[in-house]
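A.B. asks: One structure, as structure tokens, below. Some questions next.
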Amino acid sequence: MSAPVWNNKVVKWVDDRLPIISMLHHSAYEYPTPKNLSYMWNFGSLAGFVLVTMILSGIFLVMNYTPHTSMAFESVERIMRDVNYGWLIRYIHMNGASMFFIAVFIHIFRGLYYGSYKAPREMLWWIGILILLAMMATAFMGYVLPWGQMSFWGATVITNLFSAFPVIGDPLVTWLWGGFSVDNPTLNRFFSLHYLMPFVILGLVVLHVWALHSVRSNNPTGVEIKTPQDSIPFHPYYTIKDLFGLGVFLIFFSAFVFFAPDFLGHPDNYIPANPLVTPPHIVPEWYFLPFYAILRSIDFTIFGIPAKLLGVLAMFASIVILFVIPWLDTSKVRSSKFRPVYKWFFWLFVIDTFVLGYCGAKAPDDYFMGIEGLKVIVMGQLSTLYYFVHFLVVMPLVGKLERPKPLPASISESVLKEGANA
Amino acid sequence: MSQTVQSSGDHNPDENRRDFLTLATTAVGVVGTGMALWPFVDSMNPSKDVLALASVEVNLSNIPVGQAIKVMWRGKPVFIRHRTEREINEAEEVALNELVDPQADDARVEKKEWLIVVGVCTHLGCIPMGTATGEARGDYDGWYCPCHGSHYDTSGRIRRGPAPKNLEVPTYTFLTDTSVRIG
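What follows is the structure, encoded as structure tokens:
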């Protein structure tokens, strides 16, 4: 890769002193990208777009928001009613959180299906998981800020999770609260950290892209770029494809913002927080439901470890386990396209996460999909079991036992073959 | 560093002194950084004004037998129940080995007719129902937590459900027969 020669004198002057233009040219223009990327490869840039949208809309919300228990709820209502376009900015921010998780979840499932976590992309994968964790913390703290009933009780239930740890649990929770319950000090620190975290995420995204550009993008065949014929420059081919995808995504996003802005939220959060009354049914936002289901499904004791601590550990483990899947997956083949057995388990896993999400949304004693005799708690336990079995048993075993289909010799060959078949 | 004499490694007095200085400097640096961080960590602990709101006085004279009230103490509700004869008996007659978190009723009350407990479920911090008349009181006539289904008895002890411990008993003193200071 030769350094580009700049004809413009100003550009050259700057670039000779700080090669930022060369760097951008290198990573957003000539970056050699596999020529067979499908639309599944659009979600990374979409997530990046939503991150920027969240930061910008958030900065404008802060101009009118008051982080105090006696004024937070009203300041949000004032944004909705009195601030010019306040309703729009808030609805963009509120639904943007959901859009961020939609884009990132699809991005993660894409990585799981095409084996994007396998060598040499482990660091890339790890940074991605760190981004997910940072997003979850940010979304949780942001949801507390409007100081509605769900804000308050969600914060209470989630911070109480930490009391499950022996010895340090109670002092830790008091420290998190800055008092003896979720109150004004808690709201203030959540506001401070909610403002900080997006910039931490931004930093992680820079590392994520850096790692990506040093190991290169995976692709639907899972076969690495071998010759220049296998790749095309990022610009204009993928800039235009990403922009087209962005257009479609914005239609979807706007449909929520303008036509169903509260569809993904919970109506109870339009009731001001009341520390004396617990809502009858506390549910987290939809993107936390599968994890909430895992937390709740542990209602038994093992080896004297209380159910509450086990539930918390299982919930954290459900994400931490993603760090080790580059080693749990024993298959040499990356893409599930060429893995006739694992492919089915992958889709079973996808269904499993949806089942978990459903269980997380329902009361434990309800019947699963109205099926008489099948309680939500039992279904939650079964799907929690499969969640871990998938990573700990299916991934290592299928990788060893399965006979993968023959891989194409190169990306180019697979593209030409598919073209001939079409 | 690059001039380290290989053969006389440990015996070189100069090198020993340098190692010691490096270690000592590092140690002082680490401890110093820790000490500099502590004020920031501790600033997140409850502040003096929060701690100052630590007690509350309650007049009990207008709580009839069989009813209960909620009062705020340290930002959380405290349940005060004027127990009936039957509720006291129920609480006292339970065998301790039937309990999840074994504790005798007389260890949890100062005066038998007054049960005073922190109204926060020991599972994940919801407020159990059963204080106001007409609310569900669970299968053991005490409180029922709607969040994850914990049942508490007439002594505020956990009997069934995911909560690991009994409802906490705050420190309190009876000032007179009909007034109590919590905290």
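Residue numbers (the numbering used here), protein chains in the order written: chain A, 6 to 427; chain B, 6 to 188. For every residue, glycine included, the Cβ atom is placed at its ideal position computed from N, Cα and C. Here the structure is a predicted model, which is why all the values come from computation and not from measurement.
1) So B:Asn-50 contacts chain A; which residues on that side make the cut at Cβ distance below 8 Å?
2) Under a CB-based cut-off of 7 Å, is B:Gly-161 close to chain A?
3) Determine, using beta carbons only, whether A:Ser-186 comes closer than 7 Å to chain B.
4) Select from the segment 160-172 of chain A all residues with a C-beta closer than 9 Å to any C-beta belonging to chain B, and list them in chain order.
5) Taking Cβ-Cβ distances shorter than 7 Å, what residues in chain A pair up with B:Ile-132?
6) Where does the unbroken alpha helix (DSSP H) through B:Ser-83 begin, and where does it stop?
7) Compare the C-beta of B:Val-55 with all C-beta atoms of chain A and state if any pair is closer than 7 Å.
8) Which first and last residues belong to the alpha helix (DSSP H) in which B:Ala-168 is found?
9) In chain order, what are the residue ranges of uninterrupted alpha helix (DSSP H) at least 4 long that sit wholly in the segment 26-69 of chain B?
10) Determine the direct distance from the alpha carbon of A:Ile-26 to that of B:Ala-168, and round the result to whole angstroms.
11) Could you check what DSSP says for A:Ile-134 in three-state terms: helix, strand or coil?
12) Since B:Val-83 contacts B:Pro-175 with CB under 8 Å, what's their CB separation in whole angstroms?
13) Give me the Cα-Cα distance between A:Val-214 and A:Leu-138, rounded to the nearest whole angstrom.
14) What does DSSP give as the partner residues of B:Trp-119 in its beta bridges?
15) Kindly list, in the order they appear in chain B, the residues whose Cβ is closer than 9 Å to that of A:Asp-370.
16) Please state the DSSP three-state secondary structure of A:Tyr-372.
17) Quick one: what does DSSP say B:Thr-181 is sitting in, helix, strand or coil?
18) Measure from the C-beta of A:Asp-175 to each C-beta in chain B and report whether the shortest distance is under 7 Å.
19) Starting from B:His-128, find everything on chain A with Cβ-Cβ shorter than 7 Å and list it in chain order.
20) Within 10 Å of its beta-carbon, does A:Lys-422 have 16 or more other beta-carbons around it, so buried, or fewer, so exposed?
21) Quick one: any contact between the segment 375-390 of chain A and the segment 288-307 of chain A, if contact means 3 or more CB pairs under 8 Å?
22) Cα separation between A:Glu-127 and A:Ser-336?
23) Taking the alpha carbon of B:Thr-127 as the point to measure from, which residue in B:Arg-23, B:Pro-69, B:Val-63, B:Gly-166 has its own alpha carbon closest?
24) What residues from chain B crowd round A:Ile-97, counting only those whose CB sits closer than 9 Å?
25) Check the Cβ of B:Pro-82 against every Cβ in chain A and list those closer than 8 Å, keeping chain order.
26) For B:Arg-79 versus A:Phe-185, is the C-beta distance shorter than 7 Å?
27) Give a yes or no on whether the minimum CB-CB distance between B:Arg-165 and chain A is below 7 Å.
C.D. replies: Looking at the coordinates:
1) Thr-179, Trp-180, Gly-183
2) no
3) Under the 7 Å criterion on CB atoms, A:Ser-186 is classed as interfacial with respect to chain B.
4) Thr-161, Val-162, Ile-163, Thr-164, Asn-165, Leu-166, Ser-168, Ala-169
5) Leu-281, Val-282, Thr-283
6) Note that residue 83 of chain B is Val in the sequence shown, not Ser. That residue, B:Val-83, is in no alpha helix (DSSP H); its beta strand (DSSP E) goes 81-87.
7) It does: the Cβ of B:Val-55 has a partner Cβ on chain A nearer than 7 Å.
8) Element bounds for B:Ala-168: n/a, residue is neither H nor E.
9) 53-57
10) 59 Å
11) helix
12) Rounded, the Cβ-Cβ distance is 6 Å, consistent with contact.
13) 17 Å
14) Partner(s): B:His-87.
15) Gly-154
16) strand
17) strand
18) Closer than 7 Å: no.
19) Chain order gives the chain A residues near B:His-128 as Lys-313, where near means a beta carbon separation below 7 Å.
20) exposed
21) yes
22) 15 Å
23) Of B:Arg-23, B:Pro-69, B:Val-63, B:Gly-166, the smallest CA-CA separation from B:Thr-127 is found for B:Gly-166.
24) Result: empty, since nearest Cβ-Cβ is about 31 Å, beyond 9 Å.
25) Going along chain A in sequence order, the residues near B:Pro-82 (Cβ under 8 Å) are Pro-280, Leu-281.
26) yes
27) no
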